[in-house]
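All remarks here apply to the structure that follows.
In my numbering, the protein residues as written are 3 to 305.
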């Protein structure tokens, strides 16, 4: 989820509620609140907790809500923020892998952090993991994947390996456990769905989550259309380096979801840096509408 801000720099709660409804109306099976797309590293602990609680309250059980907000350096501070998120009623609390140890640390330090966090967090709260790429990307080892899968505490990995072979290997390790491997990379999204049985947990769900949902639910029934759609989705995702998440806010301003594109993570003017940006978004909108029409036609023909 992204976080809309108003001109005053504060969270736009009305816009955020409209965004929640947009996600649900467009086929989202779950929401990941307080994540990197939410600009969590630029939010106070109070704001992170408020975002999670607000999301849980407004979703009102219609779909699961998972939340992170795991940004601190010290283990004590991490426990404090994760406990606060757990108290918001989220269906799972998501740990960020790069918070488990410094970038130069090894497996022993990671395991020690796992042990400390698992001991501190409520045992009745499901946990997840996110290989968040900022401030650096820490990919979990096979042993760490196995530990999480066998612990019974973890239900989700937001996989940022961006490598289909890695996704396949992880899915095999986690087989017959509660630990679901959910890919976040658009380039391998359709192939990963076929391997893991899970959906897509990437940033382009801020543009056309219904298209990814259709791939998950119906792609196998329409292989030719699914392959063409997968190509479009990969190409659309190449816009991510063009000032995301402010890019997604520009898209939602055009949709009318909320009115302001302000971003703490991306303070610069997108149009000054990325020429013809509006024309690029026009094409994403055009392609999205085209594939929605083709999906509708295919469904009608099947009926």
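All residues carry an ideal CB built from backbone N, CA and C; glycine is no exception.
Model, not experiment: these values are computed from the prediction.
What residues match up with residue i in a beta bridge as DSSP calls it?
i	result
residue 160	132, 184
residue 305	In DSSP, residue 305 forms no bridge with anything.
residue 197	None; residue 197 has no bridge partner.
residue 13	7
residue 222	In the DSSP output, where bridge partners are listed per residue, residue 222 has none listed.
residue 69	35, 95
I need the straight-line Cα distance from residue i to residue j, nearest angstrom please.
i	j	result
residue 61	residue 9	26 Å
residue 68	residue 35	6 Å
residue 214	residue 257	19 Å
residue 265	residue 181	33 Å
residue 41	residue 71	9 Å
residue 271	residue 133	28 Å
residue 304	residue 102	49 Å
residue 290	residue 232	12 Å
residue 386	residue 259	The displayed coordinates of the chain run from 3 to 305. Any statement about residue 386 would go beyond what the structure contains.
residue 184	residue 247	20 Å
residue 162	residue 109	19 Å
residue 83	residue 195	32 Å
residue 171	residue 143	11 Å
By Cβ distance, which residues of its chain are closer than 8 Å to residue i, with the 5 residues on each side in sequence left out?
i	result
residue 7	13, 14, 262, 264, 265, 266
Hey, residue i and residue j are a contact pair by Cβ (cut 8 Å); roughly how many whole angstroms apart?
i	j	result
residue 176	residue 157	About 10 Å separates the two Cβ atoms, so there is no contact after all.
residue 64	residue 4	Incorrect: roughly 19 Å between the Cβ atoms, too far for contact.
residue 242	residue 205	6 Å
residue 217	residue 192	5 Å
Using a Cβ-Cβ cut-off of 6 Å (strictly less than) and excluding sequence neighbours within five positions of residue i, which residues of its own chain qualify?
i	result
residue 127	88, 95
residue 54	35, 36, 69, 87, 90, 92
residue 28	211, 212
residue 286	238
Helix, strand or coil: how does DSSP classify residue i here?
i	result
residue 257	helix
residue 306	In this structure the chain extends from 3 to 305, so residue 306 is not present and cannot be described.
residue 54	helix
residue 238	helix
residue 44	helix
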